[in-house]
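Worksheet: one structure, shown below.
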Amino acid sequence: MKCQRCLNTDREFFYRGSNGWYCRKCISFGRAMLEEDRQAPAVKPVRSGSEEYVLQYPLTEAQSRVSHQCAEAIDTTSVLLCCVCGAGKTELVVESISKMLKAGKNVCFAIPRRQVVLELENRLRKYFPKAEVIGVYGGHHEKTDADLVICTTHQLFRYYRTFDLLILDEPDAFPFRGNAVLHGIAETACRGRTIYLTATPDDWLKEKEKRGELICLKLNRRPHGHDLPVPVIRTAPTVILLGILLCWLKNRSTPRMIFVPTIRQAHLLHAFLSRFVSCSVCTSKTENRDEVIEEFRQKKNGIIISTTVLERGVTIPGSDVCVFHAEHGVFDEAGLIQMAGRAGRSFQYPDGDVLFLESSRSALVRKCRKEILEANRCVV
Ligand SMILES: [Zn+2]
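As numbered in the numbering used here, residues 9 to 388 make up the sequence shown, in order.
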């Protein structure tokens, strides 16, 4: 027995209802009946000219090389595009998308988080002005068919063997990471090749590479050509860390993002820092999150305290980054690298500043620093 939607083969999850066997593992997406033959839905042909694209900036030499390699590789294999944060990974797959659209193939760009869908939809619409580009996400799925579909990984259940090219952005991010049902659904949505885009591949991707199911292409340089900012680590009791943080915050003309492990700590730190500097707070519980981020974005030297909710996808040009209590168990290596990767992303301020504050010595924090140094050393 095998579920045609999530690829589950564990018999414990199969139940027999009045209409036959169905899979309980992916039941949150509706009943998937086992006997039912799933058919690929009819999709309308890709319109001609949709492959034409314009990029905002020309690719650098290194980006062009990886972009060509990727577009060539997808003829024969899936690809893991492993690029440091801020390397412009979306731009690296534009050539591959164009090539597929030109051949009349169906392309989808899937991302774990909904807020990134909107941003990406706008960006790809500008890159591909003649193509029909749609975003599909929770509460927005009346139309599911277009030349280029941008969706959350959750919405992939609507597609069965539909895409000739599936681009999975940040497959190591929540909730896709380690989620067998979403992995299965992504696999059944695609009938061709997959491009995985990430700065921090997890074990699942590394295993795939070992098994020869994909090839890995690397880009360790940002378009401005500067090294990634290497975190400075300070270890001290919390009281002293607060003092170090205050010194770090004062007399700066750049935006600063402070990451904390929990929502409670975000509010405590906000209450403390507000006595000295003006700052805002952003967590998964913040109702007007988009407004708070926008306000921060508009300021030249704003300060925002955030949980890991902003660790990926949000780019504030020229910002510096501090991780407070970086030793906390909530943070994993990928998260620390992503947070450090928020800094130094602009051409005007490419070097950035990253500070990791810990109240006890953490091996993980040092491993993260080592990974960043390693990426700077192995520039391809
Ligand atoms: Zn299933």
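All C-beta atoms in this analysis are idealised placements derived from N, C-alpha and C, irrespective of residue type, glycine included. The structure presented is a predicted model; accordingly, all values stated were derived computationally and were not measured.
> Are Val391 and Ile313 touching if we call contact CB-CB under 7 angstroms?
Replying inline: For the chain, the structure presents residues 9 to 388; residue 391 sits outside this window and is missing.
>> By the three-class DSSP mapping on this structure, what secondary structure does Val285 have?
In response: Position 277 of the sequence shown, counting from 1, holds the residue named residue 285. Residue state, collapsed to three classes: coil.
> Do Lys10 and ligand 1 come close, with the Cβ less than 6 angstroms from some heavy atom?
Replying inline: Position 2 of the sequence shown, counted from the start, is the residue given in the question as residue 10. Lys10: no, Cβ never under 6 angstroms from ligand 1.
> Could you give the uninterrupted runs of the alpha helix (DSSP H) lying entirely in the region 53-127, keeping only those of 4 residues or more?
Replying inline: You should have 69-81, 97-100, 102-110.
> The beta strand (DSSP E) spanning Leu391 covers which residue range?
Replying inline: Residue 391 is absent from the model: the chain starts at 9 and stops at 388.
> Is it true that the CB of Val317 sits closer than 7 angstroms to the CB of Thr291?
Replying inline: To locate residue 291, count along the sequence shown from 1; it is residue 283. To locate residue 317, count along the sequence shown from 1; it is residue 309. Here Thr291 is near Val317, since their CB atoms are less than 7 angstroms apart.
> Should Cys14 be counted as a contact of ligand 1 given a C-beta to heavy atom distance under 6 angstroms?
Replying inline: The sequence position of residue 14 within the sequence shown is 6, counting from 1. Yes, Cβ of Cys14 sits closer than 6 angstroms to a heavy atom of ligand 1.
> Taking the C-alpha atoms as reference points, what is the distance between Leu254 and Ser282?
Replying inline: Your numbering for residue 254 matches position 246 in the sequence shown. Your numbering for residue 282 matches position 274 in the sequence shown. Straight-line Cα distance between these residues: approximately 11 angstroms.
>> Measuring only the C-alpha atoms, how far is Ala154 from Glu60?
In response: Numbered from its first residue, the sequence shown carries residue 154 at position 146. Numbered from its first residue, the sequence shown carries residue 60 at position 52. In this structure, the alpha-carbon of Ala154 lies about 16 angstroms from that of Glu60.
>> Please report the straight-line C-alpha distance between Leu128 and Arg320, rounded to a whole angstrom.
In response: Residue mapping note: residue 128 aligns to position 120 of the sequence shown, counting from 1. Residue mapping note: residue 320 aligns to position 312 of the sequence shown, counting from 1. Their Cα atoms are separated by approximately 14 angstroms.
> Who are the Cβ neighbours of Arg39 in its own chain at under 6 angstroms, not counting the five residues just before and after it?
Replying inline: If you number the sequence shown from 1, residue 39 lands on position 31. Apart from the 5 residues on each side of it in sequence, Arg39 sits with its Cβ closer than 6 angstroms to the Cβ of Tyr30 in its chain, given in chain order.
> Hey, Val141 and Arg133 are a contact pair by Cβ (cut 8 angstroms); roughly how many whole angstroms apart?
Replying inline: Numbered from its first residue, the sequence shown carries residue 141 at position 133. Numbered from its first residue, the sequence shown carries residue 133 at position 125. With a contact defined as Cβ atoms closer than 8 angstroms, Val141 and Arg133 qualify at about 5 angstroms.
> Within 10 angstroms of its Cβ, does Gly192 collect 16 or more other Cβ (buried), or is it exposed?
Replying inline: As a first step, residue 192 must be located in the sequence shown, where it is residue number 184. Classification for Gly192: buried.
> Is Ala188 near ligand 1, in the sense that its beta carbon is under 6 angstroms from a heavy atom of that ligand?
Replying inline: As a working note, residue 188 is residue 180 in the sequence shown. No, ligand 1 has no heavy atom inside 6 angstroms of this Cβ.
>> Quick check on the burial criterion: 16 or more other C-beta atoms within 10 angstroms. Buried or exposed for Ser261?
In response: In the sequence shown, the residue the question calls residue 261 occupies position 253. The C-beta of Ser261 has fewer than 16 other C-beta atoms within 10 Å across all chains shown, which makes the residue exposed.
> Quick one: does the C-beta of Ala279 sit closer than 6 angstroms to a heavy atom of ligand 1?
Replying inline: In the sequence shown, counting from the first residue as 1, residue 279 sits at position 271. It does not: the Cβ of Ala279 is nowhere closer than 6 angstroms to a heavy atom of ligand 1.
>> What does the alpha-carbon distance come out to for the pair Gln306 and Val247?
In response: Taking the first residue of the sequence shown as position 1, residue 306 is located at position 298. Taking the first residue of the sequence shown as position 1, residue 247 is located at position 239. Here the alpha carbon of Gln306 sits roughly 31 angstroms from the alpha carbon of Val247.
> What residues are listed by DSSP as bridge partners for Thr202?
Replying inline: Within the sequence shown, residue 202 is the residue found at index 194, counting from 1. In DSSP, Thr202 forms a bridge with Leu174.
>> Following a CB-centred definition, is Lys216 positioned closer than 6 angstroms to any heavy atom of ligand 1?
In response: For the purposes of this step, residue 216 is identified with residue 208 of the sequence shown, where counting begins at 1. Lys216: no, Cβ never under 6 angstroms from ligand 1.
> Which first and last residues belong to the alpha helix (DSSP H) in which Ile35 is found?
Replying inline: What you label residue 35 is simply residue 27 of the sequence shown in a count that begins at 1. Where Ile35 is concerned, there is no enclosing alpha helix (DSSP H), given that its DSSP letter is neither H nor E.
> Would you call Asp177 buried or exposed, if buried means 16 or more other Cβ atoms sit within 10 Å of its Cβ?
Replying inline: In the sequence shown, the residue the question calls residue 177 occupies position 169. Buried: at least 16 other Cβ atoms inside 10 Å.
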